[in-house]
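Working notes for the structure below.
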Amino acid sequence: MQQLAIFGGTFDPIHWGHLLIAETALHQVPVEQIIWVPSLNPPHKQAVAFEHRLEMLKLATKDHPKFTVSAIEVNRPGTSYAINTLIDLSATYSHIHWYWIIGLDAFQTLPRWYRGQELAQMCDWLIAPRFLSGETIAQSESICKRVEQELRNQSVSIRWQLLHIPLVGVSSSNIRQLIQTNQSIRYLVTEPVRIYITAHNLYRK
Ligand code: ATP
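Heads up: the sequence shown at position 189 corresponds to 189 in full-length UniProt numbering, and the numbers run straight through without jumps.
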């Protein structure tokens with residue numbers, strides 16, 4: 001059975017943290033491809049136009065033979081729920097063992113996602129530890145175990161593993177803030193993405 005990983009996110013904009021996570025996933029699990037899926041209408045976030053986020057994703061990933069970008073969410077108006085994305089992708093790619101790449105902050109909220117219990121069992125979770133409030137790797141592991149237990153209490157069993165990435169402090173919100181305060185984002189995003197942001201005057205107030 002073919003193994004594929006989905007990396008869903010707002011990608012507003014895509015940054016080096018995202019790329020490092022995806023590259024690590026490729027080396028840690030035998031997935032043939034990573035499908036990057038920008039969220040059309042993310043449930044809890046406001047973002048710049050989908051077309052800009054999609055274009056930046058394409059620019060940042062185009063040279064990697066195992067990265068694919070999917071605009072599958074444009075076919076489904078309304079809030080973009082992850083479970084619907086997985087169902088739609090499963091209709092496109094058949095007989096797949098799915099993995100889902102996710103940051104620790106987002107994974108913690110999985111039990112409360114729309115049809116989260118169902119989604120939790122439909123794929124293996126590859127969790128990127130995230131340096132937000134000073135968590136160590138050991139603390140990240142116990143947070144994941146807590147989520148696993150929370151789901152088990154709802155009779156849901158999940159498969160997950162932590163990705164062995166160095167903790168990366170970069171975030172899209174941090175990048176947007178740097179732009180708004182006229183600071184450099186060089187080396188936080190790829191050079192084509194940085195040029196795209198400047199050319200389209202994105203994230204300026
Ligand atoms: P924002 O700062 O706007 O909330 P973000 O940097 O979290 O954005 P998203 O596009 O929302 O970027 O992230 C997609 C996925 O990647 C999420 O699951 C998120 O947790 C994860 N992620 C993003 N940056 C990191 C990072 N530096 N380390 C670990 N996980 C990350």
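Here a beta-carbon is modelled for each residue, glycine too, at the ideal position from N, C-alpha and C. All of these numbers come straight from a predicted model, not from anything done at the bench.
Subject >> Collapsed DSSP secondary structure at residue 107 in the structure displayed >> reply: helix
Original post:
Any Cβ of chain D within less than 9 angstroms of the Cβ of residue 72?
Top reply: The structure shown contains no chain D; it holds only a single protein chain.
Original post:
Who are the near neighbours of residue 161 in its chain, counting only those whose CB is closer than 8 angstroms to its CB and skipping five residues on each side?
Top reply: 28, 29, 124, 125, 126 and 127
**OP:** Flag residue 112 as yes when its Cβ comes closer than 8 angstroms to any non-hydrogen atom of ligand 1, and as no otherwise.
**Re:** no
**OP:** Determine the direct distance from the alpha carbon of residue 42 to that of residue 79, and round the result to whole angstroms.
**Re:** 6 angstroms
Subject >> Lining residues of ligand 1 - beta-carbon closer than 6 angstroms to any non-hydrogen atom, in sequence order >> reply: 9, 10, 11, 12, 17, 18, 21, 102, 103, 105, 106, 128, 130, 168, 170, 171, 172 and 173
Subject >> Local conformation of residue 5 per DSSP, three classes >> reply: strand
**OP:** Can you have a look at residue 38 and say buried or exposed, based on whether 16 or more other CB atoms are within 10 angstroms of its CB?
**Re:** buried
Original post:
If we call anything under 9 angstroms between Cβ atoms a contact, is residue 34 one with residue 26?
Top reply: yes
**OP:** Could you please give me the residues that DSSP links to residue 38 through a beta bridge?
**Re:** 9
Subject >> Any 3 or more C-beta pairs closer than 8 angstroms across the stretch 196-203 and the stretch 53-65 >> reply: yes
Subject >> Spatially closest choice to residue 169 from 191, 129 and 163, by CA coordinates >> reply: 129
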